[in-house]
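Oh and the sequence shown: position 75 is 80 in our numbering, straight run, nothing missing. What follows is a set of notes on a single structure, which appears directly below.
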Amino acid sequence: MRVFHEAEVTATPVYDIDQFLNDPHVQARGVVVEAPDAEAGSVLMHNIVPRLSETPGSLRTPAPNLGEHTREILAGLGYNEEKLAALQSAGAIKGSG
6 MRVFHEAEVT
16 ATPVYDIDQF
26 LNDPHVQARG
36 VVVEAPDAEA
46 GSVLMHNIVP
56 RLSETPGSLR
66 TPAPNLGEHT
76 REILAGLGYN
86 EEKLAALQSA
96 GAIKGSG
């Protein structure tokens with residue numbers, strides 16, 4: 006990196022995850038946030054981008070579980086309860102997801 010700096014080349018090292026999480030710039034900018042997770046309790050994830058001064062955005066809900074909204078989405082596409090029940094019976098969708 007010294008050679009690049011001396012040559013005025015814009016460059017940065019490629020980090021492993023520990024180096025990234027410990028980088029002072031990453032920490033100061035709040036690049037990584039802790040988010041709730043149903044299985045793990047919490048997970049680290051990239052913060053909202055972009056974070057604008059007047060509308061910075063925020064993580065409102067955790068990521069859904071696999072299949073959590075399937076019935077709702079299919080119903081919105083016109084699937085009635087009979088079709089949803091058939092898909093559930095075939096094992097294509099979960100009963101509550």
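Glycine is no exception: its CB is placed at the ideal position from the N, C-alpha and C atoms.
With DSSP collapsed to three states, give me the class of residue i.
| i | result |
| --- | --- |
| residue 71 | coil |
| residue 16 | coil |
| residue 41 | strand |
So which of the options has the shortest CA-CA distance to residue i?
| i | options | result |
| --- | --- | --- |
| residue 52 | 39, 46, 43 | 39 |
| residue 71 | 7, 65, 26, 43 | 43 |
| residue 36 | 17, 50, 8, 24 | 50 |
| residue 68 | 48, 96, 54 | 48 |
If you draw a straight line from the C-alpha of residue i to the C-alpha of residue j, how long is it?
| i | j | result |
| --- | --- | --- |
| residue 22 | residue 94 | 43 angstroms |
| residue 86 | residue 66 | 27 angstroms |
| residue 10 | residue 55 | 28 angstroms |
| residue 32 | residue 74 | 34 angstroms |
So, for residue i: in the same chain, excluding its five sequence neighbours on each side, which residues have a beta-carbon less than 8 angstroms away from its beta-carbon?
| i | result |
| --- | --- |
| residue 89 | 76, 79, 80, 98 |
In the DSSP assignment, what are the bridge partners of residue i?
| i | result |
| --- | --- |
| residue 97 | None; residue 97 has no bridge partner. |
| residue 49 | 39 |
Excluding sequence positions up to five away, which residues of its chain have a Cβ less than 7 angstroms from the Cβ of residue i?
| i | result |
| --- | --- |
| residue 26 | 37 |
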